[in-house]
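Visitor: Take a look at the following structure, please.
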Amino acid sequence: MLALTRDDWDVTEPAPAFGPVDLVLHAAAWTDVDGAEAEPQEAAAVNVGGTQHAAELGAPLVTFSTDYVFDGRKRTPYLESDAPNPQSAYGRTKLHAEAAAGEDAWIVRTSWLFGWTSRNFLLTMLALGADRDEVAVVDDQRGSPTFVGHLAKAVRELVELPHGVWHVAADGDCTWAEFAEAIFEEAGLDCRVRRISTADLGRPAARPAYSVLRSERDGPPRLPHWRDGLRDCLARLP
Ligand SMILES: NC(=O)c1ccc[n+]([C@@H]2O[C@H](COP(=O)([O-])OP(=O)(O)OC[C@H]3O[C@@H](n4cnc5c(N)ncnc54)[C@H](OP(=O)(O)O)[C@@H]3O)[C@@H](O)[C@H]2O)c1
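In terms of the working numbering, the sequence shown is residues 1041 to 1278.
Written out as structure tokens, the structure is:
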């Protein structure tokens, strides 16, 4: 296995020579959702150009897409056959990236990722919760927080299944505020959650109010409930 960082390959450029590759897992992306509003071309260079360059390697490709390709107006789970209608520059780049991946790719649409590395909502809440009595968290966006450990197992199953778009997210759903409360409860942190609205937060990019993903395809990988993902992730933290 060859695990590459940005230092090894800036995906806005064609890939350096690696030799033969059996499978590409393409997770590099511009993920600054608000920043993409101000710099949409730079975001597209990474997300669309990067995916095209990954596809040009000519190996079977798994690429990761997002619930933000949907507008969030539904109140029942989004299926693969639902029409995307991204409301943000980031969502638009990811939708174009799906097209750039080509017909012979597994396009994994997932949501609200958290894990034990990098920056994510779980790690942010753990840091804030250890430091403050109260945090304000948005309570009018509903999705499925997905533990990357569970997603990785699902991707292993997915590569035995046909190509195309697959919705792969944790079971269950919640708002960000409910997720924050669960984090504090599971981590034993004494911190209150003040529920606020998306409008209160006033972020540059629009987010879908509802973006629960479910699969209508035959035999999709099934992930555990997000709360099990939270417990499993907390157990992996140092
Ligand atoms: N986070 C979510 O909630 C979520 C939800 C749905 C789908 N996704 C998708 O899942 C995938 C992984 O997301 P993530 O949350 O793990 O993202 P992340 O933590 O922001 O990681 C993205 C990675 O891409 C690298 N990268 C950025 N620009 C690059 C470039 N030009 N060349 C090479 N590498 C570059 C970053 O490197 P540096 O560390 O050096 O910047 C970082 O290692 C992405 O496709 C994302 O769109 C994420």
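Glycine is no exception: its CB is placed at the ideal position from the N, C-alpha and C atoms.
These figures come from a predicted structure and were not determined experimentally.
1) Does the stretch 1197–1215 come into contact with the stretch 1158–1176, if we say contact requires no fewer than three beta-carbon pairs (one atom in each stretch) closer than 8 Å?
2) If you follow the alpha helix (DSSP H) that Val-1188 is part of, which residue opens it and which one closes it?
3) Where do the N-terminal and C-terminal ends of the alpha helix (DSSP H) with His-1136 fall, by residue?
4) Cys-1231 and Trp-1266 - do their beta-carbons sit closer together than 8 Å?
5) Less than 8 Å between the C-beta atoms of Ala-1145 and Ala-1095, yes or no?
6) In the DSSP output, which residue or residues are listed as bridge partners for Ala-1145?
7) What residues in its chain sit with their C-beta under 6 Å from that of Thr-1133, if we drop five residues either side in the sequence?
8) Going by C-alpha distance, which of Gly-1183, Gly-1090 and Thr-1157 is nearest Leu-1101?
9) Closest by CA to Glu-1225, which one among Asp-1240, Leu-1270 and Leu-1201?
10) Following a CB-centred definition, is Phe-1104 positioned closer than 7 Å to any heavy atom of ligand 1?
11) Tell me whether the stretch 1147–1161 and the stretch 1188–1195 touch, counting them as touching only if at least three CB pairs, one residue from each stretch, are closer than 8 Å.
12) Measuring alpha carbon to alpha carbon, tell me which residue in Leu-1135, Val-1061 and Pro-1185 is nearest Pro-1124.
13) Taking 7 Å as the cut-off, is the CB of Ser-1151 close to at least one heavy atom of ligand 1?
14) Enumerated in chain order, which unbroken segments of the beta strand (DSSP E) with a length of 3 residues or greater are wholly contained in the stretch 1189–1250?
15) I need the straight-line Cα distance from Gly-1059 to Ala-1249, nearest angstrom please.
16) Gln-1081: buried (16+ other C-beta within 10 angstroms of its C-beta) or exposed?
17) Could you tell me which of Val-1252, Ala-1227 and Trp-1156 sits nearest to Glu-1120, measuring between CA atoms?
18) I need the DSSP call for Glu-1174, collapsed to helix, strand or coil.
19) Using only alpha-carbon positions, find the residue among Gly-1189, Trp-1152, Gly-1142 and Asp-1258 that is nearest to Gln-1092.
20) Is it buried or exposed for Met-1041, if we count other Cβ within 10 angstroms and need 16 for buried?
21) What's the gap between the Cα of Leu-1366 and the Cα of Thr-1103?
22) What does the Cβ neighbour count give for Pro-1202, buried or exposed, with the cut at 16 atoms within 10 Å?
23) Can you tell me the Cα-Cα spacing of Gly-1131 and Ala-1167, whole angstroms?
24) Inspect the beta-carbon positions of Ala-1076 and Ser-1128 and report whether they are closer than 8 Å.
Guide: Let me spell this out:
1) no
2) If you number the sequence shown from 1, residue 1188 lands on position 148. Run containing Val-1188: 1188–1198, per the alpha helix (DSSP H) assignment.
3) Along the sequence shown, one-based indexing puts residue 1136 at 96. From DSSP, the alpha helix (DSSP H) with His-1136 extends over 1129–1141.
4) Your numbering for residue 1266 matches position 226 in the sequence shown. Your numbering for residue 1231 matches position 191 in the sequence shown. No, the Cβ-Cβ distance between Trp-1266 and Cys-1231 is not below 8 Å.
5) Here residue 1145 is taken as the residue at index 105 of the sequence shown, counted from 1. Here residue 1095 is taken as the residue at index 55 of the sequence shown, counted from 1. Yes, these two residues count as a Cβ contact at 8 Å.
6) As a working mapping, residue 1145 is identified with position 105 in the sequence shown. DSSP lists Leu-1101 as partners of Ala-1145.
7) Position 93 of the sequence shown, counted from the first residue, corresponds to residue 1133. Excluding sequence neighbours, Thr-1133 sits near Ala-1083, Ala-1084, Asn-1087 and Val-1088.
8) Counting from one through the sequence shown, the residue named residue 1101 turns up at place 61. For Leu-1101, the nearest C-alpha among the options comes from Gly-1090.
9) As a first step, residue 1225 is located in the sequence shown; it is residue number 185 there, counting from the start. Comparing Cα-Cα distances from Glu-1225 to each of Asp-1240, Leu-1270 and Leu-1201, the minimum goes to Leu-1270.
10) For the purposes of this step, residue 1104 is taken as the residue at position 64 of the sequence shown. True, at least one ligand heavy atom lies under 7 Å from that Cβ.
11) yes
12) Counting from 1 along the sequence shown, the entry for residue 1124 is found at position 84. It is Leu-1135 whose Cα lies nearest to the Cα of Pro-1124.
13) By 1-based counting over the sequence shown, the position of residue 1151 is 111. Within the cutoff, so yes.
14) 1204–1207 and 1232–1236
15) Against the sequence shown, residue 1059 aligns to sequence position 19. Against the sequence shown, residue 1249 aligns to sequence position 209. Rounded to the nearest angstrom, the two C-alpha atoms are 44 Å apart.
16) By one-based count along the sequence shown, residue 1081 stands at place 41. Burial call: exposed.
17) Counted from its first residue, the sequence shown places residue 1120 at position 80. The residue with the shortest Cα to Cα distance from Glu-1120 is Val-1252.
18) The residue given as residue 1174 occupies position 134 in the sequence shown. Glu-1174: strand per DSSP, three-state reduction.
19) Along the sequence shown, one-based indexing puts residue 1092 at 52. When each option's Cα is compared against that of Gln-1092, the closest is Gly-1142.
20) Here residue 1041 refers to the residue found at position 1 when the sequence shown is read from its first residue. Burial call: exposed.
21) As shown, the chain starts at 1041 and ends at 1278. That puts residue 1366 outside it, with no answer to give.
22) Here residue 1202 is taken as the residue at index 162 of the sequence shown, counted from 1. So Pro-1202 counts as exposed.
23) Mapped onto the sequence shown, residue 1131 falls at position 91. Mapped onto the sequence shown, residue 1167 falls at position 127. So the two alpha carbons sit approximately 28 Å from each other.
24) Numbered from its first residue, the sequence shown carries residue 1076 at position 36. Numbered from its first residue, the sequence shown carries residue 1128 at position 88. A contact, by the Cβ cut-off of 8 Å.
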